[in-house]
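Asks:
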Amino acid sequence: GNSVTQMEGPVTLSEEAFLTINCTYTATGYPSLFWYVQYPGEGLQLLLKATKADDKGSNKGFEATYRKETTSFHLEKGSVQVSDSAVYFCALKFQGAQKLVFGQGTRLTINP
Amino acid sequence: EAGVAQSPRYKIIEKRQSVAFWCNPISGHATLYWYQQILGQGPKLLIQFQNNGVVDDSQLPKDRFSAERLKGVDSTLKIQPAKLEDSAVYLCASSTGQENTEAFFGQGTRLTVV
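Protein sequence lines, in the order shown, are assigned to chains B and C.
Quick note, the first sequence lines up with residues 46 to 157 if you use my numbering.
Quick note, the second sequence lines up with residues 1269 to 1382 if you use my numbering.
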């Protein structure tokens, strides 16, 4: 079936470290891929998205590339900040039916 | 532009009681989702509406959960009777319904069943 698998957390890094959060998916057709972020005490908000193979989504220094050959959409940031501490969710939206499915989330903590 | 509005923000009830949540999506958004997010897990889709029709309710526990979207705008999600395992945050989201567009989320309702 269609699903999203994320790297298990929690992840703890020091400020200015390089970040990768892995996300792989199983889907038929050509889904759209998203990263959402949930900051402490706040609702889910879109971080970035990619809608077709080889697209790169980027926002706030974060990037992710839609890799159809490896069915992956890994989230990366070159230099993390304390303010990036949050829970990150990978999600996919089925082509056609528009069903939106989430991974289990990865909690990221950045220490000064 | 106003976001997705949900109420109440918090609710505490005893098991076997009933509860209802309300959602007002972004104006003009055809697609409305209800998710259940248990602590430490990702959001799980309960039901998806396209206008006032149900697109997917395969994971909705229909013996106790019900949802409606009258006139294709506001939506309510009801639980009757509640169980302890229903304790979670209930999220409402909406999107335009067009291909490749993102969903916008409300702040959620945190339900505690005691």
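For glycine and all other residues, C-beta sits at the position ideal for the given N, C-alpha and C.
Counting only Cβ pairs nearer than 7 Å, list the residues of chain B close to alanine 1371 of chain C.
Replies: Position 103 of the second sequence holds residue 1371 of chain C. Within 7 Å Cβ-Cβ: Leu145.
Asks: Going by DSSP, what residue range makes up the beta strand (DSSP E) through phenylalanine 147 of chain B?
Replies: Working through the first sequence from its first residue, we reach residue 147 of chain B at position 102. Segment 145-147, the beta strand (DSSP E) holding phenylalanine 147 of chain B.
Asks: Along the chain, where does the beta strand (DSSP E) containing phenylalanine 1333 of chain C start, and where does it finish?
Replies: Here residue 1333 of chain C refers to the residue found at position 65 when the second sequence is read from its first residue. Run containing phenylalanine 1333 of chain C: 1333-1336, per the beta strand (DSSP E) assignment.
Asks: If we call anything under 7 Å between Cβ atoms a contact, is asparagine 1320 of chain C one with glycine 1296 of chain C?
Replies: Here residue 1320 of chain C refers to the residue found at position 52 of the second sequence. Here residue 1296 of chain C refers to the residue found at position 28 of the second sequence. For asparagine 1320 of chain C and glycine 1296 of chain C, no; Cβs fall outside 7 Å.
Asks: So, is glutamine 1285 of chain C buried or exposed, given that buried needs 16 or more other C-beta atoms within 10 angstroms?
Replies: By 1-based counting over the second sequence, the position of residue 1285 of chain C is 17. Exposed.
Asks: For serine 1362 of chain C and glutamate 87 of chain B, what's the separation of their Cα atoms in angstroms?
Replies: Taking the second sequence and counting its residues from 1, one reaches residue 1362 of chain C at position 94. Taking the first sequence and counting its residues from 1, one reaches residue 87 of chain B at position 42. Answer to the nearest angstrom: the Cα atoms are 17 Å apart.
Asks: Run through chain C and tell me which residues come within less than 7 Å of glycine 148 of chain B, C-beta to C-beta.
Replies: Working through the first sequence from its first residue, we reach residue 148 of chain B at position 103. Correct list: Gly1310.
Asks: Within the chosen definition, does the stretch 1334-1353 of chain C reach the stretch 137-150 of chain B through at least 3 CB pairs nearer than 8 Å?
Replies: Because the criterion of three Cβ pairs below 8 Å is not met, the stretch 1334-1353 of chain C and the stretch 137-150 of chain B do not touch.
Asks: For glutamate 1353 of chain C, name the three-state secondary structure that DSSP assigns.
Replies: Translated into positions along the second sequence, residue 1353 of chain C becomes position 85. In this structure, glutamate 1353 of chain C counts as helix in the three-state DSSP scheme.
Asks: Comparing C-alpha positions only, which one of B/Leu89, B/Cys68 and B/Ala109 sits nearest to glycine 54 of chain B?
Replies: On the first sequence, position 9 is the one that residue 54 of chain B refers to. Selected option, being the one with the closest Cα: B/Cys68.
Asks: With a threshold of 6 Å, establish whether the CB of histidine 1297 of chain C neighbours any heavy atom of the ligand PLP.
Replies: Absent from the structure shown: the ligand PLP. Ligands present: none.
Asks: Which word fits lysine 101 of chain B, buried or exposed, when buried means at least 16 other C-beta atoms lie within 10 angstroms of its C-beta?
Replies: Sequence index remark: in the first sequence, residue 101 of chain B carries index 56 (1-based). Under this definition lysine 101 of chain B is an exposed residue.
Asks: Of the choices B/Tyr133, B/Val49 and B/Gln83, whose alpha-carbon is the least far from that of valine 56 of chain B?
Replies: On the first sequence, residue 56 of chain B is found 11 positions in, with the first residue counted as 1. For the residues B/Tyr133, B/Val49 and B/Gln83, the minimum Cα distance to valine 56 of chain B belongs to B/Tyr133.
Asks: Check the Cβ-Cβ distances between phenylalanine 139 of chain B and every residue of chain C, and say whether any is below 7 Å.
Replies: Sequence index remark: in the first sequence, residue 139 of chain B carries index 94 (1-based). No - not a single Cβ of chain C is within 7 Å of the one on phenylalanine 139 of chain B.
Asks: For the beta strand (DSSP E) containing lysine 1279 of chain C, name the first residue and the last one.
Replies: Locating residue 1279 of chain C in the second sequence gives position 11, where the first residue counts as 1. Per DSSP, lysine 1279 of chain C belongs to the beta strand (DSSP E) from 1278-1281.
Asks: Give the range of the beta strand (DSSP E) segment to which asparagine 104 of chain B is assigned.
Replies: Your numbering for residue 104 of chain B matches position 59 in the first sequence. Start and end: 101-104.
Asks: Quick one: which chain C residues come within Cβ less than 7 Å of threonine 96 of chain B?
Replies: Within the first sequence, the letter at position 51 stands for residue 96 of chain B. The contacting residues are Asn1368.
Asks: For phenylalanine 118 of chain B and chain C, any beta-carbon pair shorter than 7 Å?
Replies: Reading the first sequence from its first residue, position 73 is the one you call residue 118 of chain B. Chain C, which has no Cβ nearer than 7 Å to the Cβ of phenylalanine 118 of chain B, makes this no.
Asks: Are the C-beta atoms of leucine 78 of chain B and some chain C residue less than 7 Å apart?
Replies: As a first step, residue 78 of chain B must be located in the first sequence, where it is residue number 33. No, no contact with chain C.
Asks: Use the C-beta contact count for tyrosine 1301 of chain C: other C-beta atoms within 10 angstroms, 16 or more gives buried, fewer gives exposed.
Replies: Stepping through the second sequence from its first residue, residue 1301 of chain C is reached at position 33. With 16 or more Cβ atoms within 10 Å of its Cβ, tyrosine 1301 of chain C is classed as buried.
Asks: Please report the distance separating the alpha-carbon of glutamine 1401 of chain C from that of glutamine 1366 of chain C.
Replies: The question about residue 1401 of chain C has no answer, for chain C in this structure spans 1269 to 1382.
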